[in-house]
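Since the structure comes first, as structure tokens, the remarks are kept for the end.
In the working numbering, the protein residues as written are -9 to 125.
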């Protein structure tokens, strides 16, 4: 038996923030699991993409924001392309990163990277890190 949770059941400012930033209604997800089954990074996540959607539906946003899942997400859009409801799950992950970055959680600066690493790492890695981890 599936229990349906609706917006009126959850009054959470952070759920509203996710929806505002991502443009997605997390309550449209019906937990089919297609997003998680196609995710190449799922083995490294605290929560699978469909679990992220469920936690958002239940208002457990603080738990999501404390997890590493959003930082592991490769933003490859595999989850979004597999969703039968057309939900941009990757956009929800990006919204979670944005909320944390706005709160200065998980932020990286050039000074955080050693001189040796800056010399050794390919520039694309550094650019990617700064795009994802700076706010």
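Glycine residues also receive a C-beta, built at the ideal position from the N, C-alpha and C atoms. Predicted model only: the values in this text are computed from it and were never measured.
Considering only residues of the same chain and omitting the five flanking positions on each side of residue i, which have a CB-CB separation below 7 Å?
| i | result |
| --- | --- |
| residue 23 | 40 |
| residue 18 | 75 and 77 |
| residue 79 | 25, 39, 43, 69, 70 and 73 |
| residue 35 | 59 and 62 |
| residue 119 | 98 |
Helix, strand or coil: how does DSSP classify residue i here?
| i | result |
| --- | --- |
| residue 36 | coil |
| residue 11 | helix |
| residue 94 | coil |
| residue 54 | helix |
| residue 31 | coil |
Are the CB atoms of residue j and residue i within a distance shorter than 9 Å?
| i | j | result |
| --- | --- | --- |
| residue 29 | residue 69 | yes |
| residue 67 | residue 54 | no |
| residue 111 | residue 98 | no |
Kindly give me the distance between the Cβ atoms of residue i and residue j, rounded to whole angstroms, as I take these residues to be in contact under 8 Å.
| i | j | result |
| --- | --- | --- |
| residue 81 | residue 12 | 4 Å |
| residue 51 | residue 5 | 6 Å |
| residue 85 | residue 8 | 5 Å |
| residue 116 | residue 109 | The pair is not a contact, with the Cβ atoms about 11 Å apart (cut-off 8 Å). |
So, does the CB of residue i fall closer than 9 Å to a CB anywhere in chain B?
| i | result |
| --- | --- |
| residue 2 | Looking at the structure shown, chain B is missing, and only one protein chain is on hand. |
Leaving out five residues on either side along the sequence, give the residues of the same chain with a beta carbon under 6 Å from the beta carbon of residue i.
| i | result |
| --- | --- |
| residue 100 | none |
| residue 20 | none |
| residue 83 | 60 and 63 |
| residue 87 | 60 |
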